[in-house]
Amino acid sequence: MTDTVHVTDVVLFPNLYIDGEWRPGSTGDRFPVVDPSDGSTIAEFAVASEVDCDAAVEAAAAAFPAWSATAPRVRSEILRRAWEILTDEVDVFTEIMVRENGKSWPDAKAEASYATEFFRWFAEEAVRIPGEYRLSPAGDKHIIVTHHPIGVALLITPWNFPAAMATRKLAPALAAGCTTILKPASETPLTAAYVVDVLERSGVPKGVVNLITPKPVGPAVSRMLAHPAVRKLSFTGSTEVGRDLLKSSADRVINTSMELGGNAPLIVLPGADLDIAVEGAFLAKMRNGGSACTSANRFYVHESVHDAFVERMTERLAAMSVGPGLDRRNQLGALVSVKERDKVADLVDTAVAEGARIVTGGAKGERGAFYAATLLIDVAHGSTINATEIFGPVTAVVRFAEVDEAVSKANDSEFGLVAYVFGEERQAIQVGQRLDVGMVAINRGVISDPAAPFGGTKQSGLGREGSTEGILEFLETQYLAVTV
Ligand code: NAP
């Protein structure tokens with residue numbers, strides 16, 4: 033089991049990838065990768081020691097001069113090949129995520145195609161890096177502005193979107209000409225290993241992409257951030273860990289991009305079309321089983337539509353088939369671990385103790401890390417479940433009377449990643465513009481798109497990923513003054 037993992041006809045090595053080689057860690061230690069739908073061990077992945085982390089940084093540093101000097105068209109074509117391979121192997125990509133993350137087949141397949149698109153998008157951006165040339169207002173010089181790859185980039189990703197969070201960083205970093213060290217979440221290293229394997233098959237030169245899984249993670253990451261070669265940290269994960277990494281990055285003033293936690297409000301205004309609102313709310317809540325930073329977490333529903341919305345949403349949730357993702361008919365998979373499942377169950381119990389009522393769900397599965405699709409009403413604004421990122425399949429509804437009240441409650445959060453507004457279009461847009469968040473979905477439940485800038489305000493992070501902005505996160509601006 034420790035040597036290889038077979039997924040359909042692809043063989044994966046649960047090892048580190050350093051300087052173009054798959055290697056066991058220098059200590060020989062391994063950690064289990066578990067299928068949360070039944071608790072079985074799928075693989076034992078290599079632990080990276082400090083020696084391995086140093087080797088990854090040094091390989092990335094050694095590869096940087098040649099990779100950053102590689103023609104943009106060549107970098108672009110490598111990324112395009114990665115898109116082609118991942119498109120051909122979509123079922124393999126999907127199955128790996130189903131097995132180690134527990135998500136349903138449709139969720140994993142949707143992630144596979146979202147993740148794959150970052151390679152196509154940034155293959156196109158690699159050859160369009162912008163610059164400027166203009167005469168200064170005094171007429172004494174030409175102002176030439178160019179962009180250069182920052183250098184070695186450390187990329188740290190979470191388990192909830194194990195593919196897309198990796199490709200959303202790798203694709204722009206490689207397009208920009210940076211070399212990389214990818215550190216995936218401990219729960220989901222196989223998806224990362226597969227993406228790296230695809231990049232190797234696409235022609236990425238040795239040292240340009242490295243994969244490490246250190247344990248314990250904190251000291252290893254601090255050590256890498258202290259290494260003079262590391263110039264960029266791009267992190268997606270919890271706000272708590274993000275804050276610590278910002279502090280560690282301060283010592284060497286490392287350029288950071290932070291995609292952190294969310295607590296997305298979803299507002300249903302009076303006059304909203306309930307067919308659209310219920311469909312959108314269902315997608316906004318249940319995409320990835322609720323384990324998404326974009327997941328609608330606080331449902332503010334106007335009293336005039338509250339009862340009808342609750343009834344129809346309850347019907348949708350109660351009809352979901354729950355079970356292992358390898359059975360492709362299941363719509364709701366397992367949470368990533370029993371620990372995460374128990375966190376969700378505790379939040380529901382606390383909500384009930386604080387006055388909420390369960391309309392549907394509220395139960396753990398008998399086996400595996402499953403939790404039923406759940407809807408709670410009479411949830412109080414500011415209660416524990418309302419103030420916490422649930423990260424599971426729980427819809428927590430707060431009733432409101434005045435639109436201003438809904439806006440002020442939606443903004444009453446330390447997070448500002450995304451919001452959803454359902455209502456008559458003009459009013460919904462006006463409400464959306466009053467929300468202090470990085471992204472607003474109007475009358476729709478899915479907002480993520482590789483071509484759009486993804487990111488948040490307040491403690492949801494710094495910087496944007498995807499879009500034309502995503503590549504700038506991996507570039508330094510240089511200005512040349514040339515006498516006329
Ligand atoms: P997490 O605990 O912060 O872990 C994220 C990554 O950071 C993992 O690779 C983890 O490694 C690593 N890590 C943990 N402690 C660290 C430390 N002291 N120093 C350096 N790295 C450390 O988050 P998670 O539970 O995996 O993911 C859920 C969170 O991610 C949620 O808050 C969610 O909102 C957020 N998220 C945000 C976005 C966005 O785009 N804004 C997208 C997806 C998820 P180990 O696994 O080895 O511990």
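My numbering puts the first residue of the sequence shown at 33, with every later residue one more than the last. Glycine included, C-beta positions come from ideal geometry on N, C-alpha and C.
When distances are taken from the beta-carbon of Ser270 to the heavy atoms of ligand 1, the shortest one is below 6 Å. Spatial neighbours of Arg255 in its own chain (CB-CB distance under 7 Å, excluding positions within 5 residues in sequence) are listed in chain order as Glu82, Cys85. Shown here for Ser353: same chain residues with a beta carbon closer than 8 Å to its own, the five before and five after excluded, namely Arg361, Asn362, Gln363, Leu364 in chain order. If you compare the alpha carbons of Ala114, Gly60, Met197 with that of Arg233, the shortest gap goes to Ala114. For Trp54, the distance from the CB to the nearest heavy atom of ligand 1 is not below 6 Å. Between the alpha carbons of Arg131 and Ala205 lies a distance of about 28 Å. Distance from the CA atom of Ala350 to the CA atom of Ile390, rounded to whole angstroms, is 12 Å. Put simply, of Ile461, Ile409, Ala195, Ala208 the residue whose alpha carbon is nearest the alpha carbon of Glu219 is Ala195.
Judged by beta-carbon spacing, Ala366 lies within the 7 Å limit of Ala401, meaning their Cβ atoms are closer than that value. About 7 Å separates the beta carbon of Ile286 from that of Lys264, a gap short enough to meet the 8 Å contact definition. Using a Cβ distance threshold of 7 Å, Leu292 and Thr271 count as a contacting pair. Nearest to Arg344 by alpha-carbon distance, out of Asp307, Gly294, Phe506, Thr420, is Asp307. In terms of side-chain proximity, the C-beta atom of Glu291 is found nearer than 6 Å to a non-hydrogen atom of ligand 1.
Residue Gly209 holds the alpha-carbon nearest to the alpha-carbon of Ala158 among Gly209, Ile417, Met197, Glu164.
For the 7 Å CB-CB criterion, Leu167 and Leu187 do not form a contact.
Secondary structure at Asp378: helix, using DSSP grouped into helix, strand and coil. Annotation note: the segment 262-292 contains the following uninterrupted alpha helix (DSSP H) runs of length 4 or greater, listed N- to C-terminal: 271-282. In this structure, the C-beta of Trp99 stays at least 6 Å away from each heavy atom of ligand 1. Positions of the beta strand (DSSP E) runs, each at least 3 residues long and wholly inside the segment 318-345, are given as 328-334 in order along the chain.
Put simply, of Ala144, Pro138, Thr102 the residue whose alpha carbon is nearest the alpha carbon of Thr119 is Ala144.
Around the beta carbon of Thr515, a 10 Å sphere encloses fewer than 16 other beta carbons of the protein chains shown; the residue is thus reported as exposed. The beta carbon of Ala98 lies closer than 8 Å to those of Pro237 in the same chain, with the five residues before and after it left out.
By the CB criterion at 7 Å, Glu501 and Pro485 fall inside the cutoff.
Within the DSSP bridge table, the entry for His38 names Val43 as partners. Contact annotation: Gly239 and Ala94 have beta-carbon atoms nearer than 7 Å.
Around Val463, the same chain offers Ile299, Leu301, Val435, Ala438, Val439, Val453, Gly455 as residues with beta carbons nearer than 8 Å, after the five sequence neighbours per side are excluded. Annotation for Thr392: the continuous beta strand (DSSP E) segment containing it runs 389-392.
Annotation for Tyr511: the continuous beta strand (DSSP E) segment containing it runs 507-515. Contact check between the segment 424-434 and the segment 326-338: three or more CB pairs, one atom from each, fall below 8 Å, which counts as touching. Distance check between Ser336 and each of Asp305, Glu311, Asp70 places Asp305 closest, using alpha-carbon atoms only.
Within the segment 407-442, complete alpha helix (DSSP H) segments of at least 4 residues are found at 416-419, given in chain order.
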